[in-house]
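Novice:
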Amino acid sequence: MAVKTVLRVENVSFRYEKENVLEDVTFAVPRGAFLGLVGPNGSGKSTLLKCILGLLKPQKGNIFLFDTPITSFKEWHRVGFVSQKANSFNTGFPATVYEVVASGLTAKLGLFRFLSPKDKQAVFDAIDAVGMSEFSRKNIGELSGGQQQRVFIARAIASRPELLILDEPTVGVDVHHVQNFYNMLEELNKGLGITFILVTHDVGTITEKVTHVACLNKHLYFHGGAGEFAQLQKSDLSHFYGHHLHVLSHQH
Numbered sequence: 001m002a003v004k005t006v007l008r009v010e011n012v013s014f015r016y017e018k019e020n021v022l023e024d025v026t027f028a029v030p031r032g033a034f035l036g037l038v039g040p041n042g043s044g045k046s047t048l049l050k051c052i053l054g055l056l057k058p059q060k061g062n063i064f065l066f067d068t069p070i071t072s073f074k075e076w077h078r079v080g081f082v083s084q085k086a087n088s089f090n091t092g093f094p095a096t097v098y099e100v101v102a103s104g105l106t107a108k109l110g111l112f113r114f115l116s117p118k119d120k121q122a123v124f125d126a127i128d129a130v131g132m133s134e135f136s137r138k139n140i141g142e143l144s145g146g147q148q149q150r151v152f153i154a155r156a157i158a159s160r161p162e163l164l165i166l167d168e169p170t171v172g173v174d175v176h177h178v179q180n181f182y183n184m185l186e187e188l189n190k191g192l193g194i195t196f197i198l199v200t201h202d203v204g205t206i207t208e209k210v211t212h213v214a215c216l217n218k219h220l221y222f223h224g225g226a227g228e229f230a231q232l233q234k235s236d237l238s239h240f241y242g243h244h245l246h247v248l249s250h251q252h
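Using this note's numbering, the first residue of the sequence shown is number 1, and each one after it goes up by one.
#1: Under 8 angstroms: do the stretch 94–104 and the stretch 58–78 share three or more Cβ pairs, one atom per stretch?
#2: Have a look at the DSSP bridge pairing and note the partners of residue 69.
#3: Looking at the C-beta of residue 100, does it have a partner C-beta in chain D at a distance below 8 angstroms?
#4: Less than 8 angstroms between the CB atoms is what I'm expecting for residue 33 and residue 8, so what's the real figure, rounded?
#5: Which residue's Cα is closest to the Cα of residue 23: 11, 146, 115?
#6: Given a cut-off of 8 angstroms on the beta-carbon distance, is the pair residue 209 and residue 232 in contact?
#7: In whole angstroms, what is the alpha-carbon distance linking residue 122 and residue 19?
#8: Can you check whether the CB of residue 5 is closer than 8 angstroms to the CB of residue 40?
#9: Grab the span of the alpha helix (DSSP H) containing residue 28 for me, first residue to last.
#10: So who's on the other strand from residue 80, going by DSSP bridges?
#11: Buried or exposed: residue 98, going by 16 or more other Cβ atoms within 10 Å of its Cβ?
#12: So the candidates are 100, 168, 164; which of them puts its Cα closest to the Cα of residue 203?
#13: Quick check on the burial criterion: 16 or more other C-beta atoms within 10 angstroms. Buried or exposed for residue 161?
#14: Ignore the nearest five residues each way along the sequence and tell me which others in residue 163's own chain have a CB closer than 6 angstroms to its CB.
#15: My output table needs one value for residue 224: the three-state DSSP class, helix, strand or coil.
#16: Suppose you measure from the CA of residue 154 to the CA of residue 47; what does that come to, to the nearest Å?
#17: Thinking C-alpha only, which one of 71, 116, 182 is nearest residue 53?
#18: Would you mind working out which of 179, 49, 26 sits nearest residue 60, comparing C-alpha positions?
#19: Between residue 224 and residue 197, what straight-line distance do the alpha-carbon atoms span, to the nearest angstrom?
#20: Tell me the residue span of the beta strand (DSSP E) that contains residue 158.
#21: Checking the sheet assignment: what are the DSSP bridge partners for residue 186?
#22: If you check the beta carbons only, do residue 140 and residue 100 fall under 8 angstroms apart?
#23: In chain order, what residues of the same chain have a beta carbon less than 7 angstroms from the beta carbon of residue 21, not counting five sequence neighbours either side?
#24: Whole angstroms is fine: what's the gap from residue 253's alpha carbon to residue 149's?
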């Protein structure tokens, strides 16, 4: 029987010394969902990601990936992660787009394995999926921040993960290209069936692109469908965030 829930977070709490960062957080992400995780700075989003990725162990609660407790989960090739790399990438790094994307298969194949024709095709397919085919032989350092971030996403999807986590992926992306970037994520979610968790401050985008929303500020203040989130009053959002919130829409 196929796993219907990709991620389950159950009553998770985490603290750094005496500071509570997460308090009894519970939610689930169904297969094929596009979840937007929003919240103010210091709300615990980064800590929650580290717990989901197995980098931190909660003091309380449990996390399950594909119905397996994270403490015994071994199939990390099923999970992809893209950080805010484009904002701090070393532009002098001597590697082509193809080479960067191909490196995403290392964890799955092993460090010294040569790529088979099927593997090479998977690399080209990933590059094509993010609209970067014409740049495949370009040096990564010659690209804009937005193009680099597309390459990092291609690197993450080359091994065909079932869950892809994106931490503020539009950092370093030119504001004029942000909408196209989100359109690409939406197409990858629908076209490849990858389950997404998108961490963002861009609340306006949440209601237009994602299927589900989780609003975190130490506690989980909201978890539900994007349509339900869009119906919330500004006063509700301000309560979640702890300050007045101005919601911008990216629709044109």
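Backbone N, C-alpha and C fix where the C-beta goes; we use that ideal spot for every residue, glycine too.
Specialist: Working from what's here:
#1: no
#2: 64
#3: Judged by its chain identifiers, the structure shown contains no chain D, having just a single protein chain.
#4: Not confirmed; about 12 angstroms, so no contact.
#5: 11
#6: no
#7: 44 angstroms
#8: no
#9: Here residue 28 belongs to no alpha helix (DSSP H); instead the beta strand (DSSP E) covers 19–30.
#10: 164
#11: buried
#12: 168
#13: buried
#14: 6, 79, 195
#15: strand
#16: 25 angstroms
#17: 71
#18: 26
#19: 14 angstroms
#20: Note, residue 158: premise wrong, no beta strand (DSSP E); not H, not E.
#21: According to DSSP, which records beta bridges pairwise, residue 186 is partnered with nothing at all.
#22: yes
#23: 14, 15, 44, 47, 218
#24: Because the chain in this structure spans residues 1 to 252, residue 253 falls outside the shown range and cannot be described.
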